[in-house]
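Following UniProt numbering, the numbering of the sequence shown begins with 1 at its first residue and continues without gaps. The beta-carbon is built from N, C-alpha and C at its ideal position, and this holds for glycine as well. These numbers come from a predicted model, not from an experiment. First the structure, in the form of structure tokens, and then the observations on it.
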Amino acid sequence: MALALPAYFLYDWDDDDLYGLAAKRPRYDDSSLPPSTPPPIASTSEATSATAGLSTRSNSSTTARGQSPDGDETRSTSRTVDQESELGSDDKMEVEDGELPPLPELVQDDVAGDFGNTAQSGIIEQVDLYQFMCHTYITIKFGPQMNFLVGHNGSGKSAILTGITMALGGNAKATNRATNGAGLVKEGATSAKCRVRLSNGGSDPYKQELFGASITVERTLRSNGGSSYKLMNHQGEVVETSKVVLDSILDHFEIQIDNPITVLTQDQSRAFIASTTGKDKYKAFLRGTMLSQLRDEYTEMGRHIESIQVAIEKKNELMPELQLALRRAMERAEAGRAAEEQVDRLKELENRRAWCDVEWVEAEIKKGWTAIREEEQKLVVLRHDLVVATAKRDAAMTDLANLEEAQAETQLQKDEQTPKLEEVQQGISAARAKTLAFKNEERQMAATIDKLKQGIEAFKAQLVIEHDRLARDIEAEERPIHDRIAKNEDEIRRHEQIVLEVDQERLELEEGRSTLLQKLEVAAPLISRYQKEAVNLRKRIQNVEASRSNSMLAYGPKMPAFLRDVDAMRWTKKPLGPVGRYIEVRDQQWSNVIESLCGRILNAFVVSNEQDRIKLSALLHRHGVGSVHSIIKLRYDDTFDCSGGEPDANLLTVLRAIKISDRLVEQAFIKGTGCEDAVLVQRRCEGDQLFDAGRRNIRVVYSRGWFIVKRSRDNKAGSTVLAEWRGQKRLSPDMAGQIATLMNQLNSVNIHLSNISRDKQEADDELASIHRRGNAADLRRQESKRSLTQLRRQIENDRHQLLEKAPSDISAVEDLRDESQAELDSTLAQYEEALKRHNAETGSSDVASFVRKKEETSLAIKEADDLLSSLMKKINTTVAERSEADKRIANHQKKLDEVQAEVDTMREQVEEMQERATIMVEDASTICERPPPSRRPRTAEQLDHDIKPLKTAIRARERHLGATLDELNEEVGRRNQVVQRAKSILSSLENFVELLETARRVRMEKWEGWLTSLPASLELHFLSYLATRSFTGRLKFNHKEEELKLHIVTKEDGVKNHGKHHSRWKDVKSLSGGEKSFATICLLLAMWKVAACHIRCLDEFDVFMDAVNRRVAMKMMVDTAKNVKRAQFILITPQNISNSTYGAEVKIIMLGDPARTQGRLAARPG
């Protein structure tokens, strides 16, 4: 039982907090510890009759046979074989790397028989292993009572037990399979998963409303180290990921995964069975019954009690010194009461001084309310003007509405006449359209007739020409034409080549032009940037030149005038600033870095009271520099000391690199920048070295190369670049050096600007050259195009001429002439018919009436337009009047808003002052009640003048006494509290030690009772199990030597000696291998009985047994499983027991021989 005591219980009396002592509770409280007397067990005869004989049981259920996906034959003696073969095999499931298949649906197994003793909660239902040891993926489903896991050597049986141990929070080293979890990951995989599903039903589930009918524990082991947990409900949803919750679940189900008797691995099982030493068996007995853990905890508890007693003795030794200090403090306090008259007078003056600032603020508030009332009178006048302007605007809007209504009526009348005019216009247009259509038709027919007559004449002339051509030789006439065509075709090819060359040249020029345009686009912003930078540098040079005569210009052009106003005003205590004015850099090589990291705090002002802060803030805003210069409110603390937080003395910090001439400014600067733990180094790597060396009190490191080096909470390195201060230098007195640096920067900028401008000019010139070359190429191309057009036209004319010279078919021309004559006759007939129809239609329409109606409608529309024009002039005038009224309203409203904003601002300021006054009143009230108004009010300066000599006199007396009267009284009270607290602590510790000693004594008495009773219970159970083979024996405990020896009498030896067992007691060493293993199994089963283990696992329990002992031991375990309530057995054996029949309570799971290169191992119920 470990006790953790705070350190101050042992040494320090002056801590303010007293913590109650809390001890770690043992694993089980008194109610859960075993009773002092052994629990009732069955007698030896009852146990013998219950387990005697192995009756061969007929297989009432048909052995189900199937084929697993891997081809292994599966068989089972229970009725659940079909379901288990489906859930326990691969089922053609593809498993992706790094994840398990989804949880199978929760189904209630149809198990034959009524198991009244089976546990409904806390048993292992299913185990899934993925990439774990030799298994790629395997699923095993266990029964609620007895489970045999059977397989040849190397089939992965022990790996399944190891997976159960790891999933339930076990340690990899304890399994003797690996030194850590990473060693259990299958070779070649990045992670392994082991998952165990526990039942959560019955009358005692664990948070069933949260987890449901089952709890699944999944543990992931990574090959690079580390692991994680997932606790899932019956639907596969993750509920928790904490191992603490897993431990709570295991405690609730009484699963002792770290108890070596509960889970015996292969090595532990062999060692237990083969062990011949009594000390090993005694040690297993103590660990299995948790007696060794309780003994260790009680021993640790005794050590802590002794340490507390030592502390009590040390504190008792200090009590006389504390009481002596109290007496001396009381004597000094008595001597100090002589100065009470001066203290009273000082207190009266300080009370007046405390309320002096309140009275000043209240006077300012009164002035503020007076100013607000004056501004509110202005608001009344402005609101009246606004009402007058609004009335004029409303009258204009009324007139405008009437005019718009008249305009709308007139427009309506005009709109009514417009459709009539359109209707008349449509009638006229329709008549004109008919006439126009006839005229067009007449022109077309006339054109057709003329064309046909011309065609007929042409045909007649062609007939004459063709008759003449028949008599001529045209070959000589065509030869020059063919030569001219060939020459023109050669010329066409030449011009086409010129066009191609020009197009290629234009493409190259366009590419060059695009490149130059890109250069110009890049150059333009660079030129603009460098020009702006040059202007900025010239201004900075001018400011530095001006700062030679007045260094305050470095803080802004308005700073000298501002400081003059500060000097002229009356202050409670004159503000100090700017802060940089009081700072001097010892080594100028660090001035730029310090100025950049301090930034705007060098522009700040320091005040010591609220009244001065308000006045200074108003003055800053009056000069227009309120956003540039901040205000730090800080009272001077003469006890301020930051040396405890500084690094080692051999390191250069920002604070050590500067000299500050004012103590109040120094305190403000340190609190504002934290410069006491900021280190300066030459190179960035030196900062990393400081952090790696673990040097104390280093928060940040700055290098001359402008790097900021820090470390995160998890000690990860990180660095950023320090932004350089772009304003005028405030900490460097070398004005000439600053000007030279700025001039060099300006020259560099000018050089860059000149180079970029020259490049831009060259690009412009080249762009102009490209433009000229492009125009010349375009001219050549156009000329070639024109030549091509002329040549092609000439070739076409020559070819047409050749066609004309060829003799034609005279009969065909005559046929064309006859067809044209027939078409001419038909067209003439159509024209006469159309003329008759047009005359008939035109005669029936009254065009004159349409024209008359048009004139009347147009006149009405014109009158409406005139009226609309008149109304529009009046509307424009009214709109102008309304606009003027709107402007006046806007002007009045703007003034009203400005005055209202001013009133609101003043009101906010006054209310803020009222809030401050309230706070100041509260602060002053904590000092004293408000004194009555004085007939002769005194200013703060006058009160300070009177307070100062009084304080001097009181301090002189205090120096004589070593402290103030209040401090002396406080010391008396503090010393008295220390003495009383020491007495209280001593009393509490003594009572606590007495309680602890009583509790330890009671627990040790119970432990000794268990040490006596549990061996008796263990021996009775051991004898009952030995009786299954008609063996008898005894357990000989030697608690002093911590040994447990087994003495056995076999059946044969008992018959030979006629039941006189004591004469033939055999030590375990003298037994055969099978008898020895049988006896050890009986001892293990008896320990399981005594330890009340919930889940019992045993690996290769029959490794040293012969067939007879194996059969008896297995039947004994099966019968034990039937009779034990709420217990689950998982036994691993390499022996083939598939032909054995034990009943529905027993489940046999057979593992096939694995090929180490194959995927998932098949598990098949047997």
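In this structure, DSSP gives Asn147 an extended state, which the three-state scheme calls strand.
Between the region 748-767 and the region 516-525 there are three or more inter-stretch CB-CB distances shorter than 8 Å, so the stretches are counted as touching. In the DSSP assignment, Gly302 forms no beta bridge with any residue. The beta carbons of Ala396 and Glu881 sit about 5 Å from each other, so the pair counts as a contact at 8 Å. 8 Å or more divides the Cβ of Ile751 from the Cβ of Ile541. Counting only runs of at least 3 residues, the region 182-225 fully encloses the following beta strand (DSSP E) elements, listed from N- to C-terminal order: 191-200, 214-222. Nearest neighbour of Met166 by Cα position, chosen from Pro144, Gly154, Asp247, turns out to be Asp247. When the Cα atoms are used, Glu422 and Ala430 turn out to be separated by approximately 12 Å.
Boundaries of the beta strand (DSSP E) around Cys1097: 1095-1099. The C-alpha of Ser826 lies about 15 Å from the C-alpha of Ile456. Collapsing the DSSP output to three states places Glu1043 in a strand.
Excluding residues up to 5 positions away in sequence, Arg817 lie with their Cβ nearer than 7 Å to the Cβ of Lys460 in the same chain.
One Cα belongs to Ile215, the other to Asn200, and the distance between them is close to 6 Å. By the 16-neighbour rule on beta-carbons within 10 angstroms, Ala1079 is buried. Annotation for Asp128: no alpha helix (DSSP H) segment contains it, though the beta strand (DSSP E) segment containing it runs 121-132. Three or more pairs of CB atoms, one per stretch, sit closer than 8 Å, so the region 501-508 contacts the region 777-789. The C-beta separation of Ala389 from Arg888 comes to about 4 Å, placing the pair in contact by the 8 Å criterion. Nearest neighbour of Ala822 by Cα position, chosen from Ala159, Ile449, Gln208, Lys1089, turns out to be Ile449. A Cβ-Cβ distance of about 7 Å is found for the pair Arg353 and Ala940, placing them in contact under the 8 Å criterion.
Counted as a single uninterrupted DSSP element, the beta strand (DSSP E) harbouring His135 occupies residues 135-141.
Just so you know, the alpha carbons of Lys347 and Asp612 end up roughly 24 Å apart. Separation of Thr572 and Val978 (C-alpha to C-alpha, rounded to the nearest whole angstrom) is 42 Å. Residue state for Gly687 is assigned as helix, using DSSP reduced to three classes. Assignment of Ile594 by DSSP, reduced to helix, strand and coil, places it in the helix class. Relative to the Cα of Glu1100, the nearest Cα in the group Lys1076, Glu489, Ile1130, Leu1085 belongs to Ile1130. Ile481 is a Cβ neighbour of Leu802, given a cutoff of 8 Å.
Met559 carries a helical assignment under DSSP once its states are collapsed to helix, strand and coil. With respect to the C-alpha of Tyr206, the residue from Lys193, His252, Leu231 having the closest C-alpha is His252. DSSP, reduced to helix, strand and coil, places Gln611 within a helical segment of the structure shown. Exposure of Val310 is indicated by the presence of fewer than 16 other C-beta atoms within 10 angstroms of its C-beta. Scanning its chain for C-beta atoms nearer than 7 Å, with the 5 sequence neighbours on each side dropped, one finds around Gly163 the residues Val127, Leu129, Phe132, Cys194, in chain order. Here Phe562 is buried: its Cβ has 16 or more other Cβ atoms, across all protein chains shown, within 10 Å. Excluding five sequence positions before and after Gln745, the CB atoms of its chain that fall closer than 7 Å to its own CB belong to Leu537, given in chain order. A distance below 8 Å between beta-carbons, with the five flanking residues on each side excluded, links Gln667 to the following residues of its chain, in chain order: Leu634, Tyr636, Asp637, Phe640. Residue pairing from DSSP places Val709 in a beta bridge opposite Val701, Ser719. With fewer than 16 other Cβ atoms from the protein chains shown falling within 10 Å of its own Cβ, Ala401 counts as exposed.
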